[in-house]
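Engineer: In order, the protein sequence lines correspond to chains W, U, R and F. Heads up: the first sequence begins at 263 in our numbering, then just goes up one per residue. Heads up: the second sequence begins at 263 in our numbering, then just goes up one per residue. Heads up: the third sequence begins at 263 in our numbering, then just goes up one per residue. Heads up: the fourth sequence begins at 263 in our numbering, then just goes up one per residue. Glycine included, every Cβ here is placed at the ideal spot set by N, Cα and C. Quick one: structure below, then a few questions.
There are 4 protein chains.
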Amino acid sequence: MSEKLFSQSTGMFIAETHTEGVTWFFSVDRFLVEGKSQYQQYQIVDIPVWGKTLFLDYKIQSSLLDEYVYHESMVQPAMTVHPNPKKVLVAGGGEGATLWQALQHNTVEKADMVDLDEELIQWVKVHMTEWHHGCFDDPRVTLVHQDARKWIEDHKGHGYDVILSDLPGPHEGSPARMLYTKEYFQHVAESLSDDGVFVLQSGACNETYPYLFSQIFATLDSMKDTFAYVRGYYGLVTTFQMPWGFILASKKHDPMALTQEDVAARHATRGVSNRYYTPRFHQAMFTLPEYMLRAIEKHGKILTDAEPFLWTA
Amino acid sequence: MSEKLFSQSTGMFIAETHTEGVTWFFSVDRFLVEGKSQYQQYQIVDIPVWGKTLFLDYKIQSSLLDEYVYHESMVQPAMTVHPNPKKVLVAGGGEGATLWQALQHNTVEKADMVDLDEELIQWVKVHMTEWHHGCFDDPRVTLVHQDARKWIEDHKGHGYDVILSDLPGPHEGSPARMLYTKEYFQHVAESLSDDGVFVLQSGACNETYPYLFSQIFATLDSMKDTFAYVRGYYGLVTTFQMPWGFILASKKHDPMALTQEDVAARHATRGVSNRYYTPRFHQAMFTLPEYMLRAIEKHGKILTDAEPFLWTA
Amino acid sequence: MSEKLFSQSTGMFIAETHTEGVTWFFSVDRFLVEGKSQYQQYQIVDIPVWGKTLFLDYKIQSSLLDEYVYHESMVQPAMTVHPNPKKVLVAGGGEGATLWQALQHNTVEKADMVDLDEELIQWVKVHMTEWHHGCFDDPRVTLVHQDARKWIEDHKGHGYDVILSDLPGPHEGSPARMLYTKEYFQHVAESLSDDGVFVLQSGACNETYPYLFSQIFATLDSMKDTFAYVRGYYGLVTTFQMPWGFILASKKHDPMALTQEDVAARHATRGVSNRYYTPRFHQAMFTLPEYMLRAIEKHGKILTDAEPFLWTA
Amino acid sequence: MSEKLFSQSTGMFIAETHTEGVTWFFSVDRFLVEGKSQYQQYQIVDIPVWGKTLFLDYKIQSSLLDEYVYHESMVQPAMTVHPNPKKVLVAGGGEGATLWQALQHNTVEKADMVDLDEELIQWVKVHMTEWHHGCFDDPRVTLVHQDARKWIEDHKGHGYDVILSDLPGPHEGSPARMLYTKEYFQHVAESLSDDGVFVLQSGACNETYPYLFSQIFATLDSMKDTFAYVRGYYGLVTTFQMPWGFILASKKHDPMALTQEDVAARHATRGVSNRYYTPRFHQAMFTLPEYMLRAIEKHGKILTDAEPFLWTA
């Protein structure tokens with residue numbers, strides 16, 4: 263019997279249960295920050311292989327391993343689809359990477375970021391430079407700490423070209439709960455310009471939990487008078503251990519109409535150079551797997567303020 | 263303090279460590295079979311949400327949740343790419359689902375399956391009917407328990423139209439180790455017909471572990487005189503918690519040359535109806551993410567009998 | 263990065279949560295039996311270092327490592343305290359080791375064992391010989407599968423010399439719930455002889471969960487007219503990862519009055535040879551730590567059929 | 263399917279593997295401090311039920327739940343056995359509780375504490391007041407950060423009445439390795455007064471890992487010319503999830519010769535009031551279970567500088 267067997271220095275972990283079937287134990291080498299704000303628990307930690315990683319309420323948010331996959335997927339298709347995005351709004355987006363991605367388009371003149379949790383963002387500024395690259399100091403940026411729904415209701419007619427919704431899921435009790443309903447999407451539409459584009463992170467794009475994606479899709483798809491084009495797509499986020507879904511709702515411009523060459527041309531003009539969302543990959547990203555089409559068919563129902571999302575299918 | 267807090271009936275688990283960063287604890291409701299053959303440890307278990315699941319050497323192999331995603335990805339592109347597959351070989355393929363997928367093409371006249379582990383397959387026959395659908399009894403099938411490399415060396419000139427390699431990864435000490443080398447691929451080529459197609463499962467297609475995929479790709483890609491077309495693709499296997507890679511090496515027929523309509527026509531003629539690999543999805547599946555292209559560039563090296571795969575990058 | 267780091271063959275586990283503070287993951291090498299009877303879930307498994315081990319409802323019951331510590335503690339003090347135990351009853355005692363321990367005293371003429379779970383005991387007979395040593399076939403033994411409380415109510419005046427209660431804890435919903443109340447203890451007294459001895463396993467004897475022990479103690483201690491001597495003691499059960507408590511209630515004979523020499527003499531006469539409960543250890547075992555005395559003071563309350571044990575303190 | 267089942271906020275853990283058989287996952291509510299000094303990794307955390315807890319190299323050291331059990335066991339028997347302890351040395355003892363326990367005896371005029379790890383003790387001073395009660399500021403105390411063996415070698419003839427060794431186990435590579443050998447114990451003897459008492463924490467006192475205890479015992483027991491009385495005893499430390507062993511080596515005074523009344527008298531005179539080591543408990547604590555006596559017989563061998571402790575039995 264070896265020393266190792268008697269009392270091994272095993273280590274620190276953050277565990278996340280994903281469905282009844284599996285719990286992930288992430289190994290933590292160091293806790294850079296660990297605390298609880300008014301809104302959520304947060305940890306910024308070092309994980310072997312994954313590198314620096316943010317957890318909120320013990321759910322993994324992004325890691326240095328491939329935060330670019332998540333954030334390019336979150337931002338770049340919507341920015342690219344709009345022919346000339348000048349005014350941009352980020353709802354949520356704590357790490358600052360969503361904001362940074364948007365600012366890569368040199369067309370942008372004004373970028374507002376509305377995130378509730380000031381305490382978290384103070385820590386992000388200190389520890390997550392690799393995400394935000396200091397862009398909170400960009401003169402085009404206004405950072406506000408308040409409820410994003412209220413901000414949007416207060417900015418009707420403001421004419422945002424692109425609104426990027428990078429919020430936590432609509433968990434029961436979450437302040438984000440009412441940012442996934444038809445009424446809210448109507449407010450979004452009214453604060454967008456006439457050819458505005460809206461995109462939101464929409465949860466898992468896999469076989470075990472396609473419910474949130476399906477219902478956001480069905481809800482936006484029921485607003486065809488407002489959003490002429492509603493398209494689902496996904497990013498291969500290793501950090502999340504599953505493909506991650508996004509839904510893009512556009513008043514005038516259809517993402518599927520953009521060719522590889524169109525994407526390449528816009529990126530070249532605007533000084534954008536991506537590592538995941540490349541021109542070659544555009545069409546493939548918007549090709550949803552069959553199981554998601556079946557899930558939309560089967561589970562799609564319309565989310566409203568009166569009946570918001572329930573994790574129960 | 264509640265009873266639950268004192269001594270909760272927590273349960274049974276199978277754990278798999280995937281890189282130093284994370285360990286997955288799968289909850290097990292029931293063990294249907296648990297044992298150790300001459301070659302490996304095996305469990306057939308029930309997992310909540312995932313359903314019946316096979317583990318070999320504590321690595322998850324496939325589950326009822328989406329075995330069809332893995333097995334259609336494993337089999338259907340290669341079968342579809344060949345214009346008239348009559349003679350098929352499955353190397354490995356313990357669950358019987360790879361064999362079953364191949365037999366869906368009514369062109370098939372003869373299907374040989376060579377899997378080392380007779381003990382495991384006895385249990386598969388009893389407990390995994392949802393995978394093999396009784397196809398071991400199909401009159402076109404010959405099931406042999408021996409080393410697949412030896413079988414292939416003994417069948418040079420046999421003229422297989424499609425060879426499907428559904429083997430465990432080349433772990434040190436594994437009998438499958440020498441079934442991932444250039445010399446072996448040369449034997450494969452010689453047992454294929456003049457327009458034969460070879461495909462093999464090739465490991466993770468994600469950011470954490472792209473090494474195996476990259477090196478198989480580089481090895482086959484160095485054999486251009488033999489395999490005119492070498493194409494990587496992936497399936498979104500929820501059970502594996504990551505996209506899974508496959509590499510198709512073809513003497514004459516280029517998968518990328520097949521249109522959606524071509525795929526649809528072949529499936530219709532041959533009586534094939536898929537749930538994941540549909541005509542619509544063909545091109546998207548063959549579009550690898552950028553990080554895999556970078557990994558091939560960076561980590562691609564040629565695997566040989568003298569220097570087979572090492573998990574060290 | 264080594265193979266081990268990519269996908270280590272980690273293994274199988276049974277996990278038991280003990281208070282909110284800690285969960286134990288026991289490594290399982292083999293599942294000998296795994297199933298669910300009418301009354302409980304059960305597993306007989308091999309654990310490294312601990313050896314063969316029984317779990318009921320995912321709570322560890324005993325292991326080859328030191329089942330003798332638990333079962334000698336359960337049985338030997340009560341048997342030794344009685345001057346001439348002829349008629350013995352085991353309530354519960356699934357592994358058969360409690361019965362076997364009692365039968366070591368050559369004074370025993372009749373030993374009844376009443377355990378509800380016939381299915382479990384069938385498996386015990388096959389796989390746990392090291393516990394029961396075949397004693398179910400001893401001509402002195404009667405094995406009955408029914409509720410122990412009913413048996414005892416039906417045997418008033420039967421004159422058992424010793425009653426050994428080796429039952430699961432009074433979890434909500436457990437059939438054992440009503441075998442930890444004052445009314446039940448009164449029935450026990452009536453089925454005992456005039457100088458009968460009763461002992462029951464009474465849960466953890468540690469700082470985190472002294473509640474069950476304290477309340478059983480208080481309940482029996484409130485019955486001084488019936489049981490002149492009520493004494494708590496404990497065994498150092500490594501398998502349980504905590505000291506384990508027992509309470510002995512005796513109509514006439516005080517355990518504390520027995521000297522080391524008395525114990526030695528009785529064991530010699532009766533052919534008993536113990537590995538844990540030795541004459542030398544008798545007095546020390548009955549010396550409860552201060553924290554248990556404080557817990558009895560603080561948490562002791564009387565358990566009745568109307569208000570049975572609640573895990574809530 | 264409920265929200266809870268999809269992605270439960272599971273939490274943070276520190277895991278410690280204890281033999282190949284079991285790994286403990288301690289739930290962590292908060293990390294008060296987490297870091298790595300020159301000598302070891304350390305965490306001071308909050309654990310439900312256990313309260314504030316110190317880990318060193320991922321091994322649990324003590325918790326508010328019952329640090330008094332460990333530290334009274336560590337200190338009080340030796341202090342009590344000496345008839346008039348004036349000069350005391352603590353080797354190690356990072357939390358400051360060993361020092362504090364010794365200072366409870368009003369006979370003490372001088373207490374030296376020698377602990378290598380200054381960084382750790384800085385944090386202990388801030389976060390672990392419940393352990394040390396500010397006693398580092400007691401005018402009788404000298405705190406030195408150096409190797410305890412060197413200190414003791416430099417203090418031969420110093421005439422310590424009591425030396426308390428509260429060090430980490432002799433893990434390979436640990437600075438404490440050479441503080442568990444016969445040569446070191448000889449140095450200890452020379453720095454003690456003529457009737458001095460030495461005690462050291464000696465590891466697990468259970469069935470799975472009795473090796474360290476057995477070998478320390480055998481080593482001291484082989485020095486009968488120096489230490490007339492060598493006595494093993496144990497404390498019921500819930501935090502450690504096993505009984506914990508200590509060995510007391512005394513030049514003149516036999517612990518077993520002290521009656522309950524003797525202990526009570528000394529405590530009364532010296533103003534000592536314990537919660538675990540009470541007069542009533544003295545004799546029981548020194549009564550080792552049979553399995554430890556068997557282990558000493560079987561595994562006891564003499565530890566020397568040339569052949570120090572190996573975890574291999």
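1) For the stretch 269 to 289 of chain R, which residues have a beta carbon sitting closer than 7 Å to at least one beta carbon of chain U?
2) Taking three-plus beta-carbon pairs below 8 Å as touching, is the stretch 443 to 459 of chain W in contact with the stretch 416 to 428 of chain W?
3) Does any C-beta atom of chain U lie closer than 9 Å to the C-beta of GLU255 (chain R)?
4) Less than 9 Å between CB atoms is the rule here; does LEU572 (chain U) satisfy it with respect to chain W?
5) Using only the alpha-carbon positions, how far apart do LEU267 (chain U) and TYR473 (chain U) sit?
6) When the Cα atoms are used, what is the spatial distance from HIS407 (chain F) to ASP379 (chain F)?
7) Between HIS367 (chain W) and LEU351 (chain W), what straight-line distance do the alpha-carbon atoms span, to the nearest angstrom?
8) Would you identify the three-state DSSP class for LYS486 (chain F), choosing helix, strand or coil?
9) Tell me which residue opens and which closes the beta strand (DSSP E) that ALA585 (chain F) is part of.
10) Over the uninterrupted beta strand (DSSP E) stretch that includes LYS563 (chain U), give me the two end residues.
11) Span of the beta strand (DSSP E) holding LEU361 (chain R)?
12) Using the rule of at least 16 other Cβ atoms within 10 Å of the residue's Cβ for burial, across every protein chain shown, is SER476 (chain R) buried or exposed?
13) So which of W:LYS412, W:ALA546, W:TRP385 has the shortest CA-CA distance to TYR495 (chain W)?
14) Among F:LYS560, F:CYS467, F:GLU569, F:TRP362, which has the Cα closest to the Cα of THR404 (chain F)?
15) Going by alpha carbons, who is nearest to ILE558 (chain F) out of F:GLU371, F:VAL492, F:PHE479, F:THR488?
16) Going by DSSP in three states, TYR495 (chain U) sits in which element: helix, strand or coil?
17) If we count the other Cβ atoms within 10 Å of its Cβ and call it buried at 16 or more, is ASP374 (chain W) buried or exposed?
18) Mind pulling the chain F residues with CB within less than 8 Å of PHE479 (chain W)?
19) Which runs of the alpha helix (DSSP H) spanning at least 4 residues fall entirely within the stretch 416 to 456 of chain W, listed in chain order?
20) Comparing C-alpha positions only, which one of R:GLN338, R:THR285, R:MET274 sits nearest to LEU462 (chain R)?
21) Return the CA-CA distance between GLN313 (chain F) and VAL386 (chain F), expressed in angstroms with no decimal places.
22) Can the beta-carbon of GLN300 (chain U) be found less than 9 Å from the beta-carbon of MET274 (chain R)?
23) If I measure Cβ to Cβ from GLY562 (chain R) and keep anything under 7 Å in the same chain, skipping five residues before and after, which residues do I get?
24) Mind listing which residues of the stretch 300 to 314 of chain U have their C-beta closer than 7 Å to chain W's C-betas, in chain order?
25) Which residues in chain R sit within 7 Å of ARG537 (chain F), going by Cβ to Cβ distance?
26) Within the continuous beta strand (DSSP E) that includes GLN338 (chain F), where are the two ends?
27) Write down the C-beta distance between THR285 (chain W) and THR272 (chain F) rounded to the nearest angstrom, noting that I regard them as a contact closer than 8 Å.
28) Starting from the beta carbon of VAL503 (chain W), find every residue of chain U whose beta carbon is closer than 7 Å, and list them in chain order.
29) Please look up how many angstroms separate the CB atoms of THR360 (chain F) and ASN346 (chain F), rounded, as I've assumed it's under 8 Å.
30) Is there a C-beta anywhere in chain F that falls below 9 Å from the one on TYR422 (chain W)?
31) The ligand SAM and THR470 (chain R): does the residue's C-beta get closer than 8 Å to at least one heavy atom of that ligand?
32) If you draw a straight line from the alpha carbon of ALA575 (chain W) to that of SER325 (chain U), how long is it in whole angstroms?
33) Taking Cβ-Cβ distances shorter than 8 Å, what residues in chain R pair up with PHE293 (chain U)?
34) Check whether the Cβ atoms of GLY465 (chain F) and GLY507 (chain F) sit closer than 9 Å, and answer yes or no.
35) Is the stretch 532 to 546 of chain F in contact with the stretch 536 to 552 of chain R, if contact means three or more CB pairs nearer than 8 Å?
36) Just to confirm my understanding: we take ILE564 (chain R), look at its own chain, exclude 5 residues before and 5 after, and list those with CB closer than 7 Å. What are they?
Structural biologist: Result, derived from the coordinates:
1) Within the stretch 269 to 289 of chain R, SER269, GLN270, SER271, THR272, GLY273, MET274, PHE275, ILE276, ALA277, GLU278, THR279, HIS280, THR281, GLU282, THR285 place their CB atoms closer than 7 Å to a CB of chain U, listed in sequence order.
2) Cβ pair count under 8 Å is three or more, so yes.
3) The first residue shown for chain R is 263 and the last is 575, placing residue 255 (chain R) beyond what the model contains.
4) Closer than 9 Å: no.
5) Reliability of the predicted coordinates at LEU267 (chain U) is poor, the pLDDT of 45 falling under 50, and the value obtained from them is presented with this limitation in mind. Their backbone Cα atoms lie some 44 Å apart in a straight line.
6) Roughly 6 Å between the two C-alpha positions.
7) Cα to Cα, the separation comes out at about 14 Å.
8) In this structure, LYS486 (chain F) counts as coil in the three-state DSSP scheme.
9) Look at the range of chain F in this structure, 263 to 575, and you will see that residue 585 (chain F) is not part of it.
10) Boundaries cannot be given for LYS563 (chain U), as no beta strand (DSSP E) includes it and DSSP labels it neither H nor E.
11) No beta strand (DSSP E) holds LEU361 (chain R); the alpha helix (DSSP H) holding it covers 359 to 365.
12) Per the 10 Å Cβ criterion, buried.
13) If we check each option's Cα against that of TYR495 (chain W), W:ALA546 comes out closest.
14) The alpha carbon of THR404 (chain F) has as its nearest neighbour, out of F:LYS560, F:CYS467, F:GLU569, F:TRP362, the alpha carbon of F:TRP362.
15) In terms of CA proximity to ILE558 (chain F), F:PHE479 leads the group F:GLU371, F:VAL492, F:PHE479, F:THR488.
16) If DSSP states are grouped into helix, strand and coil, TYR495 (chain U) belongs with the strands.
17) Counting other Cβ atoms within 10 Å of its Cβ, ASP374 (chain W) reaches 16 or more and is therefore classed as buried.
18) Residues of chain F passing the Cβ test: none, with the nearest at roughly 18 Å.
19) When DSSP assignments are scanned along the stretch 416 to 456 of chain W, the uninterrupted stretches of alpha helix (DSSP H) that are 4 or more residues long and fall wholly within it turn out to be 444 to 453.
20) Considering only alpha carbons, the answer is R:GLN338.
21) In the sequence on display, residue 313 (chain F) carries Gly and not Gln. Distance between the alpha carbons of GLY313 (chain F) and VAL386 (chain F) is about 15 Å.
22) Here GLN300 (chain U) is not near MET274 (chain R), since their CB atoms are 9 Å or more apart.
23) The answer, listed in chain order, is SER476, GLN477, PHE479, ALA480.
24) Listed by position, the residues of the stretch 300 to 314 of chain U near chain W (Cβ gap below 7 Å) are ILE309, PRO310, VAL311, TRP312.
25) Those within 7 Å of ARG537 (chain F) in chain R are GLU552.
26) Per DSSP, GLN338 (chain F) belongs to no beta strand (DSSP E); it is in the alpha helix (DSSP H), 329 to 343.
27) Contact between THR285 (chain W) and THR272 (chain F) holds: their C-beta atoms lie close to 6 Å from each other, under 8 Å.
28) The residue you asked about is not Val; residue 503 (chain W) is Gln in the sequence shown. Per Cβ cutoff of 7 Å: GLN503, MET504.
29) With a Cβ gap of about 20 Å, THR360 (chain F) and ASN346 (chain F) do not count as contacting.
30) Closer than 9 Å: no.
31) Ligands are entirely absent from the displayed structure, and the ligand SAM is therefore not among its contents.
32) Because ALA575 (chain W) carries a pLDDT of 39, less than 50, the predicted location of this residue cannot be relied on, and the following value inherits that uncertainty. Taking the straight line from one Cα to the other gives about 21 Å.
33) Under the 8 Å cutoff, chain R gives PHE293, GLU296.
34) Yes, the Cβ-Cβ distance between GLY465 (chain F) and GLY507 (chain F) is below 9 Å.
35) Enough Cβ pairs lie closer than 8 Å, so yes.
36) Taken in chain order, the residues that qualify are LYS444, ALA480, THR481, SER484.
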